[in-house]
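Some notes on the structure that comes next.
Quick look at the structure:
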């Protein structure tokens, strides 16, 4: 779980130094988004597919330790980047490293828990990833401010506080590598015991495909909302961008992990009653979409923050339900490989389409004041339809003789 937190923390830590990176490297908003988002997503997806294929009959230790080492090297390289080419190379290395680590980490976490409570077990990963994503900008921003305030001399020739931040935030990764090297040397470290006689919840490729589609639908809304939340607050309430980012970050930090925790428990309770994971995903997207649509009315700031919290909570339920559903539909021995395919798919679709689609819909709106919440609501409605189609596909396949 610590490794998962650090992986997602490092993935989003560059957002705190975005202004400095853009200025020193001469990048536009589009250029930074391409390198920090799209390029990382492509590298991550390619790596996840490759490592997922290579994981067959191989222990997770090399993927875990090697992945941390690679993404740490990429993060440190960001601190030394002096050109867009250097930045791009660092992002590719970091993306490949995380592609090796994350699917293996999920496989180990889910295999080590009670398979009858796979939702709660999977929520451990989701909570850690959510906390890492939510706390990255806040923590990195605080480090930059602290270094600048006390005028600490940057080590290793790094002249700027934001560059030193990349180095400092990578130090815990080195400790984690050493700890994993010790733990995974034990025989039980590479193959966690399963505390149940039932070793597989496999229900077929159709279920996996439907869950992939439902997960992509949820992640599109999540990524769109996460990227545009601060801007939405700026436009609705004329907030300073820094204050808007802090408020959005705090709301996400509190509500997103709660959604992941509740979603895991909800899945474990509802699936034995005959409720499919895709139905829970549909419900989460629906509630989140309604909350986003209510922002079109430009409610007061406290009400807007509550609505953002509801959206985060419900979308967290949707995302963990899809991920846990994939684990239920996959034999334990196949989870590393299938998780590689899963994360490759949702990363490409979520990062590649969600924020951009929301921006296009917002630009096309006739009312600039409510363009962004209207666009988010439309995206949520479209993704609800995708999740519904995925559920119907799964049910139809299951009902076939």
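In the working numbering, the protein residues as written are 1 to 401. Every residue, glycine too, gets a C-beta built ideally from N, C-alpha and C.
Pair within 8 Å by beta-carbon distance, residue 7 and residue 115: Indexing the chain shown from 1 puts residue 7 at position 7. Indexing the chain shown from 1 puts residue 115 at position 115. No, these two residues do not count as a Cβ contact at 8 Å.
Just to confirm my understanding: we take residue 1, look at its own chain, exclude 5 residues before and 5 after, and list those with CB closer than 6 Å. What are they? As a first step, residue 1 is located in the chain shown; it is residue number 1 there, counting from the start. Taken in chain order, the residues that qualify are 124 and 128.
Which two residues bound the contiguous alpha helix (DSSP H) that contains residue 42? As a first step, residue 42 is located in the chain shown; it is residue number 42 there, counting from the start. Residue 42 -> alpha helix (DSSP H) spans 40 to 54.
Let me know the alpha helix (DSSP H) ranges lying completely inside the segment 78 to 157, each 4 residues or longer, listed in chain order. For the segment 78 to 157, whole alpha helix (DSSP H) runs of length 4 or above, ordered along the chain, are 84 to 111 and 118 to 150.
Thinking just about the alpha-carbon of each residue, which of 24, 104, 51 and 44 is nearest to the one in residue 85? Walking along the chain shown from the start, residue 85 turns up at place 85. Cα-wise, what sits closest to residue 85 is 24.
Once you ignore the five residues that flank residue 307 on each side, which residues in its own chain have a CB closer than 6 Å to its CB? Position 307 of the chain shown, counting from 1, holds the residue named residue 307. Cβ neighbours of residue 307 beyond the five flanking positions: 291, 294 and 295.
Measure from the alpha carbon of residue 59 to the alpha carbon of each residue in 230, 335 and 366, then state which is nearest. Position 59 of the chain shown, counted from the start, is the residue given in the question as residue 59. Taking only the C-alpha atoms, the option nearest residue 59 is 335.
Any idea what DSSP makes of residue 191, helix, strand or coil? Along the chain shown, read from residue 1 onward, the residue named residue 191 stands at position 191. A caution first: residue 191 carries a pLDDT of 46, below 50, which makes its placement in the model unreliable, though a value can still be read off. If DSSP states are grouped into helix, strand and coil, residue 191 belongs with coil.
Smallest Cα separation from residue 226: which of 141, 177 and 372? Within the chain shown, the letter at position 226 stands for residue 226. Nearest C-alpha to residue 226: 372.
DSSP three-state call for residue 280: helix, strand or coil? Position 280 of the chain shown holds residue 280. DSSP places residue 280 in helix when its eight states are reduced to three.
Leaving aside the five residues before and after residue 289 along the sequence, list all residues of the same chain whose C-beta is less than 7 Å from its C-beta, in chain order. Here residue 289 refers to the residue found at position 289 of the chain shown. The residues are 377, 380, 381 and 384.
Anyone know if the C-beta pair for residue 122 and residue 212 falls short of 8 Å? Indexing the chain shown from 1 puts residue 122 at position 122. Indexing the chain shown from 1 puts residue 212 at position 212. For residue 122 and residue 212, no; Cβs fall outside 8 Å.
Residue interval of the alpha helix (DSSP H) (run including residue 296): Here residue 296 is taken as the residue at index 296 of the chain shown, counted from 1. Looking at the DSSP string, residue 296 is not in any alpha helix (DSSP H), and its letter there is neither H nor E.
Terminal residues of the continuous alpha helix (DSSP H) containing residue 235? For the purposes of this step, residue 235 is identified with residue 235 of the chain shown, where counting begins at 1. From DSSP, the alpha helix (DSSP H) with residue 235 extends over 205 to 237.
Is the Cβ-Cβ distance between residue 218 and residue 281 less than 8 Å? Counting from one through the chain shown, the residue named residue 218 turns up at place 218. Counting from one through the chain shown, the residue named residue 281 turns up at place 281. For residue 218 and residue 281, yes; Cβs fall inside 8 Å.
Report yes if the C-beta distance between residue 278 and residue 394 is below 8 Å; otherwise report no. By 1-based counting over the chain shown, the position of residue 278 is 278. By 1-based counting over the chain shown, the position of residue 394 is 394. Yes, they are a contact pair.
In three-state DSSP terms, what is residue 270? The count along the chain shown starts at 1 and reaches residue 270 at position 270. Of the three classes helix, strand and coil, the one that applies to residue 270 here is helix, per DSSP.
On a Cα-Cα basis, can you pick out the residue from 342, 109, 162 and 287 that is closest to residue 79? Start at 1 with the first residue of the chain shown, and residue 79 comes out as number 79. Nearest C-alpha to residue 79: 162.
Beta-carbon separation (whole angstroms), residue 72 vs residue 170, contact threshold 8 Å: For the purposes of this step, residue 72 is taken as the residue at position 72 of the chain shown. For the purposes of this step, residue 170 is taken as the residue at position 170 of the chain shown. Rounded, the Cβ-Cβ distance is 5 Å, consistent with contact.
For residue 224 and residue 359, the rounded distance between their alpha carbons: Indexing the chain shown from 1 puts residue 359 at position 359. Indexing the chain shown from 1 puts residue 224 at position 224. Going from the Cα of residue 359 to the Cα of residue 224 covers about 9 Å.
To the nearest angstrom, how far is the alpha carbon of residue 251 from that of residue 305? Sequence index remark: in the chain shown, residue 251 carries index 251 (1-based). Sequence index remark: in the chain shown, residue 305 carries index 305 (1-based). Their Cα atoms are separated by approximately 7 Å.
Near residue 405, what residues of its chain come up, given a Cβ to Cβ distance below 7 Å and the 5 sequence neighbours on each side ignored? Lying outside 1 to 401, the shown extent of the chain, residue 405 is not represented and no answer is given.
Below 8 Å between beta carbons: does that hold for residue 284 and residue 317? Here the question's residue 284 lines up with position 284 in the chain shown. Here the question's residue 317 lines up with position 317 in the chain shown. Yes, Cβ-Cβ distance for residue 284 and residue 317 is below 8 Å.
Could you give the DSSP three-state label for residue 163: helix, strand or coil? The count along the chain shown starts at 1 and reaches residue 163 at position 163. It is helical.
Quick one: what's got a C-beta closer than 7 Å to residue 130's C-beta in the same chain, skipping five residues either side? Numbered from 1 along the chain shown, position 130 holds the residue referred to as residue 130. These residues qualify, in order along the chain: 256, 257, 260 and 316.
What whole-angstrom Cβ distance do residue 268 and residue 26 have, given they're in contact under 8 Å? Start at 1 with the first residue of the chain shown, and residue 268 comes out as number 268. Start at 1 with the first residue of the chain shown, and residue 26 comes out as number 26. Incorrect: roughly 51 Å between the Cβ atoms, too far for contact.
Cut-off 7 Å between Cβ atoms - residues of its own chain near residue 265, not counting five sequence neighbours on either side: What you label residue 265 is simply residue 265 of the chain shown in a count that begins at 1. Once the five neighbours on either side are set aside, the close Cβ partners of residue 265 are 119 and 120.
Measuring CA to CA, which of 5, 13 and 33 is closest to residue 166? Start at 1 with the first residue of the chain shown, and residue 166 comes out as number 166. The option with the nearest alpha carbon to residue 166 is 13.
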